[in-house]
Amino acid sequence: MGKGWYKYLIYLSIVFLLFGLYQANYLKVPDIHNGKALAVSVVLLCIGFLGQGLLWFATLRSTPYRSTLPEAMAAAGLSIFTKYIPGKVFVILGRAGYIAERHDYPVSKLSVLSLHAQLIAFWMALSIGSIGTFLMEGFEEWRWLIAVGWGALSLLIFSQSANKLLIKMVKLVLKKEINIPWLPFKDVVKILPAFAWPWIFFTLAFYALVRALHPDPIGFEVGFGLPLGTVVGIIAIIAPGGIGVREGVLVAYLLIAGLEEAAAVSIAVASRPWFLIGESFLFVFGWLCDRRLKS
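Put into structure tokens, the structure is as follows:
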């Protein structure tokens with residue numbers, strides 16, 4: 002790849018983001034019942050997104066491919082919209098490409114490391130999001146599906162045997178051997194707090210959003226719907242950025258939590274532009290970090 006290729010990836014991601022939002026007709030202003038709760042939700046959301054840079058920094062620090070925190074923030078921020086490009090591959094390449102170019106690291110190895118970080122992020126989102134399904138009734142069928150997904154991810158992340166099996170599968174499909182970095186259990190455990198940061202704040206932020214958009218008091222358990230819906234949306238390969246998928250999961254989650262259908266749909270739809278505020282914040286923060294590094 003030529004130098005600076007990730008910049009074109011960023012431009013392409015913004016195009017896909019705008020097209021996806023326009024096509025899905027999510028750019029609507031919902032009825033706001035609690036302005037203070039909405040403001041709190043946005044602040045918590047932005048704090049959560051800062052954790053995206055922190056977890057990438059923590060991942061790199063656990064390997065020979067070191068970087069500074071501003072570099073990790075720039076890499077995470079500038080690549081945040083690449084998840085809206087169908088395929089989900091480019092969000093992994095984007096943050097890896099930024100660090101690779103600054104330090105002349107092999108982009109292939111950093112991309113695989115970025116994939117490993119993404120798997121840990123999925124695992125953490127599923128771990129935190131599933132809490133709500135155990136705190137409320139009506140999620141019995143969900144628990145089995147979540148347990149299977151959580152177990153599979155746990156093996157892939159923490160088991161060296163599963164890692165070796167994955168290498169064999171990749172070799173079988175691609176007809177060539179690729180060295181997939183495996184972080185020892187003790188190293189993964191050390192960086193787990195950094196991965197928990199975003200999802201804890203996202204949970205708190207979504208609860209505050211529901212309080213802002215729903216006229217009646219609601220239990221804190223609804224907050225866990227966002228990490229659960231997000232991880233399902235990210236896993237969905239076809240929908241760019243999980244547009245439509247996450248909202249569907251949120252509607253189902255909120256309905257089971259006791260919200261009426263109209264309120265559940267309204268909150269789920271409103272969560273997309275609201276989440277975009279946090280993504281835009283991280284993008285601007287990453288851009289500022291990039292400007293400062295270059296100056």
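Okay, so the sequence shown: first residue is 2 according to our numbering, each after it adds one. All C-beta atoms in this analysis are idealised placements derived from N, C-alpha and C, irrespective of residue type, glycine included.
- By the neighbour-count definition (other C-beta atoms within 10 Å, threshold 16), methionine 170 is an exposed residue.
- Short of 7 Å from the beta carbon of isoleucine 158, and not among the five residues preceding or following it, lie these beta carbons of its own chain, in chain order: Leu120, Ile121, Trp124, Val189.
- Across the set Leu79, Ile257, Gln53, the C-alpha of Leu79 shows the shortest separation from the C-alpha of arginine 292.
- Note on serine 109: under 16 other CB atoms within 10 angstroms of its CB, so exposed under the neighbour-count rule.
- Non-local C-beta neighbours of alanine 73 in its own chain, meaning closer than 6 Å and more than five positions away in sequence, comprise Gly54, Trp57, Phe58, ordered along the chain.
- The region 131 to 140 makes no contact with the region 260 to 273: fewer than 3 CB pairs, one atom from each, lie closer than 8 Å.
- Annotation for cysteine 290: Pro71, Met74, Ala75 place their beta carbon closer than 6 Å to its own, counting only its chain and skipping 5 residues before and after.
- For threonine 134, the secondary structure class from DSSP, reduced to helix, strand or coil, is helix.
- Short of 6 Å from the beta carbon of glycine 279, and not among the five residues preceding or following it, lie these beta carbons of its own chain, in chain order: Leu46, Cys47, Phe50.
- Between serine 128 and tryptophan 151, the beta carbon gap of about 7 Å places them in contact (Cβ cut-off 8 Å).
- The continuous stretches of alpha helix (DSSP H) do not include aspartate 217, and DSSP gives it neither H nor E.
- Threonine 204 carries a helical assignment under DSSP once its states are collapsed to helix, strand and coil.
- For serine 128, the secondary structure class from DSSP, reduced to helix, strand or coil, is helix.
- Look at the beta carbons and you see the region 95 to 106 not touching the region 201 to 212: under three pairs across the two are nearer than 8 Å.
- Per DSSP, reduced to three states, the secondary structure at aspartate 188 is helical.
- Annotation: isoleucine 132 to phenylalanine 225 spans about 7 Å, alpha carbon to alpha carbon.
- The residues Glu280, Leu283, Phe284, in chain order, have a CB closer than 6 Å to that of isoleucine 81 in the same chain once the five nearest residues on each side in sequence are set aside.
- Selection Asn164, Ser267, Phe286 evaluated against valine 113 yields Asn164 as nearest (Cα-Cα).
- In the three-state reduction of the DSSP assignment, leucine 56 falls in the helix class, which pools H, G and I.
- In this structure, the straight-line span from the alpha carbon of alanine 271 to that of phenylalanine 221 is close to 19 Å.
- Of the other Cβ atoms in all chains shown, fewer than 16 fall within 10 Å of the Cβ of proline 65; this residue is therefore exposed.
- Contact between alanine 265 and leucine 255 holds, since their C-beta atoms are separated by about 4 Å, short of 8 Å.
- In the three-state DSSP reduction, proline 107 falls in the coil class, being neither helix nor strand.
- Taking all protein chains in view, the Cβ of lysine 295 is surrounded by fewer than 16 other Cβ atoms within 10 Å, so the residue is classified as exposed.
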